[in-house]
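**Q**
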Amino acid sequence: MTSLFSGIFDTSTSTVIAPGYFLLCLGVSFLIGLWLAGIYAYRSRHTQSFMLTLALLPAIVCVVIMMVNGNIGAAVGVAGAFSLVRFRSVAGSAKDIAMIFLAMAAGLIVGMGYLAYAILFALLVGAALFALVQTDFGSTRRSLYRNLRVTIPEDLDYTDLLGDIFKNYCRTSHLVSVKTSNMGSLFKLTYDIELKDPAREKEMLDAIRVRNGNLEITVSQQEVTNEQL
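To convert, count from 1 in the sequence shown and add 45; that's our numbering.
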């Protein structure tokens, strides 16, 4: 039965992996993948495709490493293949990239046969990630940042129109763009602002409404794009 799992290129100098050890390593790496995917999903926006990738990646890397099994030529080929792999999807965040490397490292450790080290590694790093997310480590008060769009009539000078209002309600303000509308009779101003107190946001909007003649005002949460790591 064991001969069924022997490679046709195996020699007396190469080591044949027993089916039981193969299944054990595959099972451990898959469980580690599920653990890492679960930790990543906690308080994080995610897609099903990325979750499946995290769950399966340690097992895939584990099998590749086991099949190399000391063959230097195969190892070089595998390294070259990994260097050509590209995830053909939208760019991910720094956290996504870190999780990909974490899953690959766990699979590599299992593939080398160090099951206890792989489990310990996944548990410790997963627990550390959970603690960092739970404590909002590295947060930048993102809830205070807003995109503000204000429409004003053409007879108003937008240069410092809202300066005194921003001084009262905002820590920082920056005029991002100016756009004409309605055959040039209106200006649409876009600002990036940081609020002093989110509870006073409506009070600030009411002050702006008085200033712009109750024309359209839009306020939204600022978002960090995927290209910004």
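All residues carry an ideal CB built from backbone N, CA and C; glycine is no exception.
In this structure, what does DSSP give as the bridge partners for glutamine 266?
**A** Arg191
**Q** Should the region 140-160 be regarded as contacting the region 76-85, the criterion being three or more beta carbon pairs within less than 8 Å?
**A** yes
**Q** Report, in whole angstroms, the separation of the C-beta atoms of proline 103 and alanine 148, which I expect to be a contact under 8 Å.
**A** Alanine 148 and proline 103 do touch by the CB rule: their CB atoms are close to 5 Å apart, below 8 Å.
**Q** Just the C-alpha distance for tyrosine 355 and glutamine 267, rounded to the nearest angstrom, thanks.
**A** Only positions 46 to 274 of the chain appear in the structure, and residue 355 is not among them; the question remains open.
**Q** Using DSSP's beta-bridge definition, name the partner residues of leucine 198.
**A** In the sequence as presented, leucine is not what sits at residue 198; that position holds proline. Its beta-bridge partners are Leu231.
**Q** Indicate the three-state DSSP secondary structure (helix, strand or coil) for arginine 216 in the structure shown.
**A** strand
**Q** Taking the straight line between their C-alpha atoms, what separation do you get for threonine 235 and valine 155?
**A** 52 Å
**Q** With DSSP as the reference, please indicate the residues paired to tyrosine 236 in a beta bridge.
**A** Leu193, Leu220.
**Q** Closest to alanine 151 by C-alpha separation, out of Arg191, Trp80, Arg90, would be which residue?
**A** Trp80
**Q** Give the DSSP-derived three-state secondary structure of threonine 204 in the structure shown.
**A** Coil.
**Q** Using the DSSP secondary-structure output, state which residues sit across from threonine 92 in a beta bridge.
**A** None; threonine 92 has no bridge partner.
**Q** With DSSP collapsed to three states, give me the class of threonine 180.
**A** coil
**Q** Where does leucine 30 land, buried or exposed, given buried means 16+ other C-beta within 10 angstroms?
**A** Since the displayed the chain opens at 46 and closes at 274, residue 30 lies outside it and no answer follows.
**Q** Can you give me the C-alpha to C-alpha distance between isoleucine 62 and isoleucine 164, rounded to a whole angstrom?
**A** 21 Å
**Q** By how many angstroms is the C-alpha of aspartate 242 removed from the C-alpha of arginine 133?
**A** Confidence in arginine 133 is poor, its pLDDT being 49 and thus under 50, which makes the residue's placement too unreliable to answer from.
**Q** Which residue wins for smallest C-alpha separation from leucine 174, given the options Ser89, Val255, Val73?
**A** With respect to the C-alpha of leucine 174, the residue from Ser89, Val255, Val73 having the closest C-alpha is Ser89.
**Q** May I have the straight-line CA-CA distance separating lysine 180 from lysine 224, to the nearest angstrom?
**A** According to the sequence displayed, residue 180 carries threonine and not lysine. Roughly 41 Å separates the two Cα atoms.
**Q** I'd like to know if isoleucine 164 contacts chain C, where contact means its C-beta is closer than 7 Å to some C-beta of that chain.
**A** This model lacks chain C altogether; it includes just one protein chain.
**Q** Go ahead and pull the three-state DSSP assignment for serine 138.
**A** coil
**Q** What do you reckon, are the CB atoms on isoleucine 238 and arginine 194 nearer than 7 Å?
**A** no
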